[in-house]
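Enquirer: In my numbering, the protein residues as written are 2 to 193. C-beta: ideal position from N, C-alpha, C; glycine also. All values derive from a computational prediction rather than experimental measurement. Take a look at this one; I'll ask things after.
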Amino acid sequence: MEEKSGNENLIDNLIKLGLNPETHIKNESAVLATKDRYANSKYVLASVTDSIYFLAYDSGRSYPSTGLYASIDLPDEAEYIVYKRSWFDKFIFFNRKKVGIDYIDNKLTISSSNWIPKKELNAESVDLFLRINKKSNPYSLILQNDYLPMIPMFKDKKIIGLETRTWLYKKEDLKILLESGNTLLQKIKNKL
2 MEEKSGNENL IDNLIKLGLN PETHIKNESA VLATKDRYAN SKYVLASVTD SIYFLAYDSG
62 RSYPSTGLYA SIDLPDEAEY IVYKRSWFDK FIFFNRKKVG IDYIDNKLTI SSSNWIPKKE
122 LNAESVDLFL RINKKSNPYS LILQNDYLPM IPMFKDKKII GLETRTWLYK KEDLKILLES
182 GNTLLQKIKN KL
């Protein structure tokens, strides 16, 4: 019996978890290097709710990623990445922001050029974010303009996402992301 690939396992497990995934593969050979980072890529997309989508993406050129994403209405200047804080963050994050609440500032590293996510983050959402990180792979919370332009419903929109730089395919990992990640994104969206 032939062993299933990570992609096949991912699709099977998403179906077992009640989702209807779509697979997209884009292969374009180029003689010269292209600037389009999506030229050779594969992704699996599934609607989790009316406004939140699961996406596993791999371009073959950069790190794969798996996450939950939603469009969100915030000003153009609102962009950031949130990580679970580590002792070496002070050496690698130049645009580190603080929200002014010690509990949050001591637990998270927020990297942004000029936006402080005061409305989006509170103790409850931070606790949930930290629990997700403890249960599984390291996750980041991302808010960025036009972050996933290859996905038609996200093109030219501001996206909030909870993602890991790993191609998830195990049912347990997917369940954590789908249940806890969905709750986290809903809480953040409801705060605004």
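Measuring alpha carbon to alpha carbon, tell me which residue in Ile117, Asp77 and Lys108 is nearest Glu125.
Expert: Nearest option by C-alpha distance: Lys108.
Enquirer: Between the C-alpha atoms of Ala79 and Pro22, what's the straight-line distance to the nearest angstrom?
Expert: Between Ala79 and Pro22, the C-alpha separation is close to 30 angstroms.
Enquirer: Around the Cβ of Asn146, are there at least 16 other Cβ atoms within 10 angstroms (buried) or fewer (exposed)?
Expert: Label assigned to Asn146: exposed.
Enquirer: In angstroms with no decimal places, state the Cα-to-Cα distance between Ala57 and Lys43.
Expert: Cα to Cα, the separation comes out at about 8 angstroms.
Enquirer: Are the beta-carbon atoms belonging to Gly149 and Ile160 less than 8 angstroms from one another?
Expert: For the sequence presented, residue 149 should be read as Leu rather than Gly. Yes; because the gap between Cβ atoms is below 8 angstroms, this pair is in contact.
Enquirer: Phe55 lies in the beta strand (DSSP E); which residues open and close that run?
Expert: Counting along the chain, the beta strand (DSSP E) containing Phe55 begins and ends at Tyr54 to Asp59.
Enquirer: By the three-class DSSP mapping on this structure, what secondary structure does Arg132 have?
Expert: DSSP places Arg132 in helix when its eight states are reduced to three.
Enquirer: Among residues of its own chain, excluding the 5 on either side of Val100, which ones have a beta-carbon nearer than 8 angstroms to its beta-carbon?
Expert: So the list reads Asp106, Ile111, Ile117, Pro118, Lys119 and Leu122, once near-sequence residues are dropped.
Enquirer: Going along the chain, which residues of its own chain have a beta-carbon closer than 7 angstroms to the beta-carbon of Ile189, five neighbours each way excluded?
Expert: Once the five neighbours on either side are set aside, the close Cβ partners of Ile189 are Glu121, Ser126 and Ile161.
Enquirer: Alpha carbon to alpha carbon, how far is Leu178 from Gly68?
Expert: Answer to the nearest angstrom: the Cα atoms are 7 angstroms apart.
Enquirer: Going by Cα to Cα distance, which pick from Thr50, Gly61, Ile12 and Ile102 is closest to Lys198?
Expert: With the chain covering only 2 through 193, there is no way to say anything about residue 198.
Enquirer: Take Ser137 as the anchor and find which of Asn191, Thr165 and Asp59 has the nearest alpha-carbon.
Expert: When only C-alpha atoms are compared, the closest one is Thr165.
Enquirer: Between which two residues does the beta strand (DSSP E) carrying Ile73 extend?
Expert: Counting along the chain, Ile73 falls outside any beta strand (DSSP E), and DSSP gives it neither H nor E.
Enquirer: Assuming Glu23 is part of the beta strand (DSSP E), what are its boundary residues?
Expert: Per DSSP, Glu23 belongs to the beta strand (DSSP E) from Glu23 to Lys27.
Enquirer: Three-state secondary structure (DSSP) at Tyr170?
Expert: The answer is coil: DSSP assigns Tyr170 none of H, G, I, E or B.
Enquirer: Just to confirm before moving on: does the CB-CB distance between Leu129 and Ser87 stay below 8 angstroms?
Expert: In this structure, Ser87 does not lie closer than 8 angstroms to Leu129 by Cβ.
Enquirer: From Lys5, Leu46, Asn115 and Leu131, pick the residue whose C-alpha is nearest to that of Pro153; which is it?
Expert: Selected option, being the one with the closest Cα: Leu46.
Enquirer: If you compare alpha carbons, which of Glu9, Asn115 and Lys172 is closest to Pro76?
Expert: Cα-wise, what sits closest to Pro76 is Asn115.
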